[in-house]
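Presented below is the structure to which this report refers.
There are 2 protein chains.
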Amino acid sequence: MVSGASFAVYAPDGIGEVQAGDDLAALIGDALAEQLPPQDGDILVVTSKVVSKAEGRFVVAEDREAAIAAETVRVVATREHPGGGATRIVESRLGIVAAAAGVDASNTPEGTVLLLPEDPDASARRLREALERRFGVRLGVIVSDTLGRPWRVGQTDAAIGASGVKAMDDLRGSVDAQGRPLVVTQPAVADELAAAADLVKGKALGRPVALVRGLGRLLDQAAPGAKVLQRGAADDMFSLGTAEARQEGRRLGDAEGYARGYAEGLRAASRTPAGDAPAGDAPAGDAREADAPAGPPGG
Amino acid sequence: MVSGASFAVYAPDGIGEVQAGDDLAALIGDALAEQLPPQDGDILVVTSKVVSKAEGRFVVAEDREAAIAAETVRVVATREHPGGGATRIVESRLGIVAAAAGVDASNTPEGTVLLLPEDPDASARRLREALERRFGVRLGVIVSDTLGRPWRVGQTDAAIGASGVKAMDDLRGSVDAQGRPLVVTQPAVADELAAAADLVKGKALGRPVALVRGLGRLLDQAAPGAKVLQRGAADDMFSLGTAEARQEGRRLGDAEGYARGYAEGLRAASRTPAGDAPAGDAPAGDAREADAPAGPPGG
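Chains as they are written, first to last, in the numbering used here: chain H, 1 to 299; chain D, 1 to 299.
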């Protein structure tokens, strides 16, 4: 009796532990074939962990810090914890900003850590093509990962790879009910699909995949993948942690201030009888015109 | 035939335009009664806009900047746009970090803007209690808003109010499949529910509400509301925009450097014959021991 819109999300059982070298499309396809044969327009959300496992992205655990460093192209923020350890938020080789570059030590075999897939958009495409071939339907595939976020507590799942499905439902150019343009609305639908799927997938429950049925309108064979959801550092108002940026500014300001102060100190001394250098207040007013040498960095 | 987990999301039609003073629980209840009578364990996600409208949170549009300022308790980051206008990210009176303090000018009557609900957790509670009474079932209610985020392009819907439903599914203390503790996993399920609902709700389509069925495990009468999802500035590694923090650090460093430089300049002059003050290089080495006056801020 519903006259509006609706969709459903199913997380099938029975995919089991995934091992390096497994044919993930076959494992997922077998579980779906038995429980929930895919239909045209379905969107499959696959936890990146099983994609990484199938791709054999294991590294021995002694190398965890080295693995994080190797995956890191830019350190965004670090916070040392009082009890030891640190949160390291970095931009990874993939362009994703995430804690520990997405290197994962939970639910992996003892002594190993797991890197993110080599190219999650390509992984999504391979899965989509294999499953479309097997079932003869048009599908979307999203590879999801769990990400923390500034300003809000807890994590949500987001799309780190996508194929055949829009990453963003670009409403720019649309108008609202009063006919005024919706200038800034770009729902990140792939992230919302990943978040929805996380509500039934179970990290520790052997349910690494969810199938979303009813949102075929989001399918788009020409969609560019999830990489478009990554905001480059140049466009990002939060490309560096607050403490790090403050510290960087302080070092710069110190060098600038030192140079100005030094020149002003010399000048003040030259205005004063020898042997009677002023030691009290620094001069008021703007001393920025001073053409002074750069001093040693302090702070 | 599905042996795993599943849920469904429905966005009923027919709620129509909401006006100040409307009984929102009655409007939503009527639409649901006709199309989709709520069942025990259902979770209702309601767009904050209709909650604000029913609560009469309109302000005349000439006051938009004043309205944003009045809602702001802390400016997080500002970026001027080349074509005019600016993005102003602030912590609002509610503790939510959002562009323009959540003050909304789209889909509102000409000449007005809309503030967020006075107390979204209380709004969610009132809606829940009214709908539970009417239908005789136990429900969860989430009030959602559309939020941008650092690092990623586009927006997702998040929970700004909640009642009767967990905001976070706290898995700390759980163990993974290998028996190792899942120390940091706290899925922000209320945000994921809001994101899922956004996939069928239609801002411009007259579908401001979605009903989620199948996730009754997330209901919790004692849950503390969505406020727990707000990370306080003190705990936030991104409490201030990168440019703002750098600028703040630069001012501080400049004052510190100026004071050190000024003292060092005086000292250098005193080591030099009168009338022959050195004007060339600043001294090498650490001048930090100088006990100098604070200089005027520069830079």
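Glycine is no exception: its CB is placed at the ideal position from the N, C-alpha and C atoms. Keep in mind that this is a model prediction, so the values were computed, not measured.
Using 8 Å as the threshold, is the C-beta distance between residue i and residue j below it?
| i | j | result |
| --- | --- | --- |
| H:I15 | H:A31 | yes |
| D:P58 | D:T146 | Reading off the sequence, residue 58 of chain D comes out as Phe, not Pro. Not in contact: D:F58 and D:T146 (Cβ atoms no closer than 8 Å). |
| D:G95 | D:L219 | no |
| D:G345 | H:A263 | This structure cannot settle anything about residue 345 of chain D, because the visible part of chain D is limited to 1 through 299. |
| D:G161 | D:P208 | no |
| D:V137 | D:D235 | no |
| H:S3 | D:V200 | no |
| H:G241 | H:A77 | yes |
| D:P150 | H:M168 | no |
| D:V212 | D:V51 | no |
| H:R260 | D:G261 | yes |
| H:P187 | D:G154 | yes |
| H:E91 | H:R79 | no |
| D:A158 | D:A105 | no |
Kindly indicate if chain D contains any beta-carbon less than 8 Å away from that of residue i.
| i | result |
| --- | --- |
| H:R207 | yes |
| H:E129 | no |
| H:L199 | yes |
| H:T242 | yes |
| H:S3 | yes |
| H:V9 | yes |
| H:G83 | no |
| H:A277 | The predicted model places H:A277 with a pLDDT of 48, which falls under 50 and marks its position as unreliable, so this point remains unresolved. |
| H:R64 | no |
| H:T112 | no |
| H:E71 | no |
| H:R133 | no |
| H:D301 | Since the first and last residues shown for chain H are 1 and 299, residue 301 of chain H lies out of range. |
Per DSSP, which residues does residue i bridge with? Please list them.
| i | result |
| --- | --- |
| H:V45 | H:I142 and H:A210 |
| D:V18 | DSSP lists no partner for D:V18. |
| H:E80 | H:A86 |
| H:V73 | H:V73 pairs with nothing; no bridge assigned. |
| H:V219 | The identity of residue 219 of chain H in the sequence shown is Leu, whereas the question assumes Val. H:V165, per the DSSP bridge assignment. |
| H:L147 | H:T156 |
| D:G202 | D:R207 |
| H:D104 | H:L114 |
| D:Q186 | BP columns for D:Q186 are empty, so no partner. |
| H:Q230 | D:R152 |
Any beta carbon from chain H within less than 8 Å of residue i's own beta carbon?
| i | result |
| --- | --- |
| D:Q230 | yes |
| D:S52 | no |
| D:R74 | no |
| D:R125 | no |
| D:D13 | yes |
| D:P150 | yes |
| D:L252 | yes |
| D:Q186 | yes |
| D:L94 | no |
| D:V97 | yes |
| D:V153 | yes |
| D:L219 | no |
| D:D77 | The sequence as given places Ala at residue 77 of chain D; Asp does not occur at that position. Output row for D:A77: interface = yes. |
Residue i lies in the beta strand (DSSP E); which residues open and close that run?
| i | result |
| --- | --- |
| D:E91 | A86 to S92 |
| D:Q35 | Segment L24 to Q35 is the alpha helix (DSSP H) holding D:Q35; no beta strand (DSSP E) there. |
| D:T112 | T112 to L114 |
| D:F7 | A5 to A11 |
| D:A255 | Per DSSP, D:A255 belongs to no beta strand (DSSP E); it is in the alpha helix (DSSP H), T242 to S270. |
| D:A98 | V97 to A99 |
Looking at the secondary structure, which residues open and close the alpha helix (DSSP H) in which residue i lies?
| i | result |
| --- | --- |
| H:A61 | Looking at the DSSP string, H:A61 is not in any alpha helix (DSSP H), and its letter there is neither H nor E. |
| H:V189 | V189 to D198 |
| D:D121 | P120 to F135 |
Does any C-beta atom of chain C lie closer than 8 Å to the C-beta of residue i?
| i | result |
| --- | --- |
| D:I28 | Reference to chain C is not applicable here, since the protein chains of this structure are H and D. |
Return yes when the C-beta of residue i is under 7 Å from any heavy atom of the ligand COA, and no when it is not.
| i | result |
| --- | --- |
| D:Y258 | The ligand COA is not part of the structure shown, which contains no ligands of any sort. |
Original post:
Within the chosen definition, does the segment 89 to 103 of chain D reach the segment 128 to 143 of chain D through at least 3 CB pairs nearer than 8 Å?
Top reply: no
**OP:** Specify whether the segment 105 to 123 of chain H and the segment 211 to 231 of chain H touch according to this definition: at least 3 beta carbon pairs, one from each stretch, less than 8 Å apart.
**Re:** yes
Subject >> Inter-stretch contact (C-beta, 8 Å, three-pair minimum) for the segment 190 to 200 of chain D and the segment 15 to 30 of chain D >> reply: no
Subject >> Touching by the beta-carbon criterion (3+ pairs, under 8 Å), the segment 142 to 158 of chain D and the segment 248 to 258 of chain D >> reply: no
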